[in-house]
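Have a look at the structure below before the remarks.
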Amino acid sequence: MLPFNSKEHFMIKFYFYLSFLIVFNSSLFAQGTAAPELKVKTAFSEIDTYLNENIEKGVIPGGVFLIAQKGKIKYFKSFGFENKLLDKRYKNDDIFRIASMTKSVTIVGILQLMEKGKLDLDDPLSKYIPSFKKTKVLESFNALDSSYTVVNQKKEITIRNLLTHTSGIYYGSFATDHFRAIYMKNGLMGFGLSSNDWTTEEMVNKIAEAPLAFQPGSAWTYGLNMEVLGRIIEIVSKTNLDTYFQKNIFDILGMTDTYFYLPKAKQKRLVSIHPSDTVQKIIENPGLNYPFALGKNHFAGGGGLSSTTLDYAVLCMALANNGSLNKKRILKKKTVHLVNNVEFSELDKGNTGFMSNVDEMGFGLGYWVVKKENSTMSPFSEGSYGWGGVFNTKYYIDPKKEIVIVGMTQMFAFDNDPFWQVLTKEMYKAIGVNQ
174 MLPFNSKEHF MIKFYFYLSF LIVFNSSLFA QGTAAPELKV KTAFSEIDTY
224 LNENIEKGVI PGGVFLIAQK GKIKYFKSFG FENKLLDKRY KNDDIFRIAS
274 MTKSVTIVGI LQLMEKGKLD LDDPLSKYIP SFKKTKVLES FNALDSSYTV
324 VNQKKEITIR NLLTHTSGIY YGSFATDHFR AIYMKNGLMG FGLSSNDWTT
374 EEMVNKIAEA PLAFQPGSAW TYGLNMEVLG RIIEIVSKTN LDTYFQKNIF
424 DILGMTDTYF YLPKAKQKRL VSIHPSDTVQ KIIENPGLNY PFALGKNHFA
474 GGGGLSSTTL DYAVLCMALA NNGSLNKKRI LKKKTVHLVN NVEFSELDKG
524 NTGFMSNVDE MGFGLGYWVV KKENSTMSPF SEGSYGWGGV FNTKYYIDPK
574 KEIVIVGMTQ MFAFDNDPFW QVLTKEMYKA IGVNQ
């Protein structure tokens with residue numbers, strides 16, 4: 174593992190591995206609310222065995238894993254060492270950097286505002302952020318001097334484009350060489366977690382200065398779309414993203430351990446990050462301490478949150494239960510049903526979508542979606558959806574079987590996705606769901 178000697182170095186490697194994880198995951202299938210008292214059944218011993226075996230092999234250092242079905246927690250356990258050298262074990266209330274799992278919270282915020290009639294999914298982005306009216310589309314690039322030419326947008330970016338990652342906005346740090354060079358020229362490298370220099374507003378206006386990778390709506394590419402959506406939430410709600418999330422999502426569901434920047438009293442619960450080549454070491458880099466920075470006005474709607482396994486499971490359980498949990502509602506039932514509808518099958522057929530020419534997988538309003546139930550996608554039902562974070566956190570929502578799975582550990586450049594595929598199968602078996 175190369176040493177992390179600067180935040181920029183870290184972010185470049187961070188986004189390189191993020192892009193790899195997304196492609197790899199897709200090819201395969203891709204503490205406020207008190208938990209009920211757990212009585213672990215014998216069936217769950219297979220999960221315990223599998224997790225302990227992978228800890229012994231060094232696949233993961235350990236972590237916290239939870240299964241819920243029909244709004245009830247069936248399994249909630251911690252394993253292994255958060256810091257083995259200090260004999261510090263993982264605990265159920267540990268706080269993890271959830272990175273791109275932040276996106277799900279931003280999606281909920283946007284859909285809430287849509288329900289209230291404050292925005293429409295097909296509104297042009299420039300209605301809220303005028304700087305995107307002038308954003309151009311890349312036409313050609315000269316590798317000799319990093320100069321490039323641009324053309325006008327044929328159609329403006331819409332909120333729907335941002336939700337589905339079809340806007341043409343990308344993550345420059347792990348893009349192809351010429352897109353990386355363009356982002357470097359425009360000062361956009363490293364966006365996605367936090368910033369010492371930019372407010373949310375400044376970050377998004379800076380994104381608008383760079384050319385788009387393609388005409389909006391013509392292709393799919395993973396990018397800084399949720400950062401832009403987070404700024405839209407701020408503009409429409411007339412409050413910062415941190416406050417909006419707290420008032421309209423976290424307080425309602427009882428998510429008391431989810432933050433952009435952790436209160437000092439909770440900072441000791443943030444776990445360390447391990448490199449992928451060993452579970453004995455800890456990655457030490459100032460760029461990883463972003464959850465400790467207080468008093469900032471930068472809120473990355475695509476990757477800035479930290480949370481506990483239980484807190485995030487509560488959010489997933491509400492989504493699996495048509496937008497409510499324990500009589501607390503964050504979205505209407507008909508709104509929740511929008512998120513796992515596949516948005517652009519024609520792009521997939523044309524080799525420009527999320528999973529080109531793959532019948533089993535698609536992409537909805539911010540999530541991968543199972544289009545067809547089959548052996549490749551087992552054990553997930555049609556309509557299941559989810560995502561993950563680059564520091565090796567995952568969640569799965571199966572509305573048909575009313576199952577939620579949340580797993581969290583902290584490893585950078587983790588590329589052993591079969592670990593999660595086998596784990597989810599074991600979890601489904603443990604709760605008696607036939608594959």
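In terms of our numbering, the sequence shown opens at residue 174 and continues consecutively. Here a beta-carbon is modelled for each residue, glycine too, at the ideal position from N, C-alpha and C. Note that the coordinates shown come from a computational prediction; the quantities given were computed from them, not determined experimentally.
Between which residues of its own chain and threonine 597 is the CB-CB distance below 8 Å, once the five residues before and five after are set aside? Exclusion of the five residues before and after threonine 597 leaves Pro552, Phe553, Tyr569 and Ile578 as the residues of its chain whose Cβ lies within less than 8 Å of its Cβ.
Distance between glycine 561 and tyrosine 540 (C-alpha atoms, nearest Å): Approximately 10 Å, taken between the alpha carbons.
Could you tell me the distance, in whole angstroms, from the CA atom of asparagine 462 to the CA atom of methionine 534? A direct Cα-to-Cα measurement between asparagine 462 and methionine 534 gives close to 35 Å.
Specify, as a first and last residue, the run of the beta strand (DSSP E) that lysine 411 falls within. Where lysine 411 is concerned, there is no enclosing beta strand (DSSP E), given that its DSSP letter is neither H nor E.
Report yes if the CB atom of leucine 366 is closer than 8 Å to the CB atom of isoleucine 380, and no otherwise. No, Cβ-Cβ distance for leucine 366 and isoleucine 380 is not below 8 Å.
So what does DSSP say about aspartate 424, is it helix, strand or coil? In the structure shown, aspartate 424 sits in a helix (DSSP, three-state: H, G or I).
Inter-residue Cα distance where the pair is threonine 416 and glycine 605: Distance from the CA atom of threonine 416 to the CA atom of glycine 605, rounded to whole angstroms, is 40 Å.
In angstroms, rounded to a whole number, what distance separates the CA positions of aspartate 484 and aspartate 430? Straight-line measurement puts the Cα of aspartate 430 at about 7 Å from the Cα of aspartate 484.
Look at the alpha carbon of glutamate 610 and the alpha carbon of threonine 508, and state the distance between them as a whole number of angstroms. Since the first residue of the chain shown is 174 and the last is 608, residue 610 is not available in this structure.
Count the other CB atoms within 10 Å of the CB of valine 595; is the residue buried (16 or more) or exposed (fewer)? Exposed: under 16 other Cβ atoms inside 10 Å.
Three-state secondary structure (DSSP) at leucine 504? Of the three classes helix, strand and coil, the one that applies to leucine 504 here is coil, per DSSP.
Endpoints, beta strand (DSSP E) assigned at threonine 322: Annotation: the continuous beta strand (DSSP E) that includes threonine 322 extends over 320–324.
Note the first and the last residue of the continuous beta strand (DSSP E) segment covering glutamate 255. Per DSSP, the continuous beta strand (DSSP E) segment holding glutamate 255 begins and ends at 245–256.
Which listed residue (His338, Tyr321, Thr372 and Gln583) has its alpha carbon closest to that of serine 480: Ranking His338, Tyr321, Thr372 and Gln583 by Cα distance to serine 480 puts Gln583 first.
Which whole-angstrom value is the C-beta distance of phenylalanine 217 and tyrosine 248, which I expect to be below 8 Å? With a Cβ gap of about 5 Å, phenylalanine 217 and tyrosine 248 count as contacting.
Can you tell me whether asparagine 227 is buried or exposed? The criterion is at least 16 other CB atoms within 10 Å of its CB, across all chains shown. By the Cβ-count criterion, asparagine 227 is buried, with 16 or more other Cβ atoms from all chains shown falling within 10 Å of its own Cβ.
Taking the alpha carbon of aspartate 293 as the reference point, which residue from Phe252, Leu402 and Tyr395 has its own alpha carbon closest? Per the Cα distances, Leu402.
With which residues is proline 297 paired in a DSSP beta bridge? Within the DSSP bridge table, the entry for proline 297 names Thr331 as partners.
Short check: CB of glycine 474 to CB of threonine 275, under 8 Å? With respect to the 8 Å criterion, glycine 474 and threonine 275 are classified as neighbours on the basis of their beta carbons.
How would you write the range of the beta strand (DSSP E) that glutamate 288 sits in, first residue to last? DSSP places glutamate 288 in no beta strand (DSSP E) but in the uninterrupted alpha helix (DSSP H) bounded by 275–288.
Simplified DSSP state of proline 448, which is helix, strand or coil: Proline 448 falls in the strand class under three-state DSSP.
In whole angstroms, give me the CA-to-CA distance for tyrosine 321 and arginine 404. Using only the alpha carbons, I get a separation of about 28 Å.
When the Cα of threonine 451 is compared with those of Ile406, Asn495 and Asn256, which residue comes out closest? Looking at the Cα atoms, Asn256 is the closest of the given residues.
7 Å Cβ shell around serine 368 - same chain, five flanking residues per side excluded: Cβ contact annotation for serine 368 (same chain, cutoff 7 Å, sequence separation greater than five): Met376 and His471, in chain order.
Measure the CB-CB distance between isoleucine 342 and proline 297 and report whether it falls below 8 Å. In this structure, proline 297 does not lie closer than 8 Å to isoleucine 342 by Cβ.
Just to confirm the assignment, what range does the beta strand (DSSP E) spanning aspartate 571 have? For aspartate 571, the enclosing beta strand (DSSP E) has its first and last residue at 566–571.
If you count every other CB in all the chains shown that lies within 10 Å of the CB of asparagine 565, and 16 or more means buried, which is it? Taking a 10 Å sphere around the C-beta of asparagine 565, we find 16 or more other C-beta atoms and assign the residue as buried.
Glutamate 599 beta carbon less than 8 Å from that of lysine 573: It is not a contact, given that the beta carbons lie outside the stated cut-off.
Give me the DSSP bridge partner(s) of leucine 498. Its beta-bridge partners are Lys501.
Any idea if proline 591 is buried or exposed, counting beta-carbon neighbours within 10 angstroms, 16 or more meaning buried? Counting Cβ neighbours within 10 Å, proline 591 comes out exposed, since fewer than 16 surround it.
In terms of residues, what are the limits of the alpha helix (DSSP H) holding glutamate 555? It is not in any alpha helix (DSSP H) - glutamate 555 carries neither H nor E in the DSSP assignment.
Over the uninterrupted beta strand (DSSP E) stretch that includes phenylalanine 472, give me the two end residues. That residue, phenylalanine 472, is in no beta strand (DSSP E); it is neither H nor E in DSSP.
Among Val232, Thr339 and Lys441, which one has its Cα closest to the Cα of leucine 538? Residue nearest to leucine 538 within the set Val232, Thr339 and Lys441 is Thr339 (criterion: CA-CA distance).
Rounded separation between alanine 486 and serine 251 - CA only: Rounded to whole angstroms, alanine 486 and serine 251 show a C-alpha spacing of 15 Å.
Nonlocal neighbours in the same chain, by C-beta distance under 8 Å from tryptophan 393, ignoring five residues either side: In the same chain as tryptophan 393, and ignoring 5 residues on each side of it, the C-beta atoms closer than 8 Å to its own belong to Thr337, His338, Thr339, Phe517, Leu520, Thr525, Gly526, Phe527 and Phe536, in chain order.
Contact the segment 435–449 vs the segment 497–514: 3+ CB pairs below 8 Å: Segments in contact, no.
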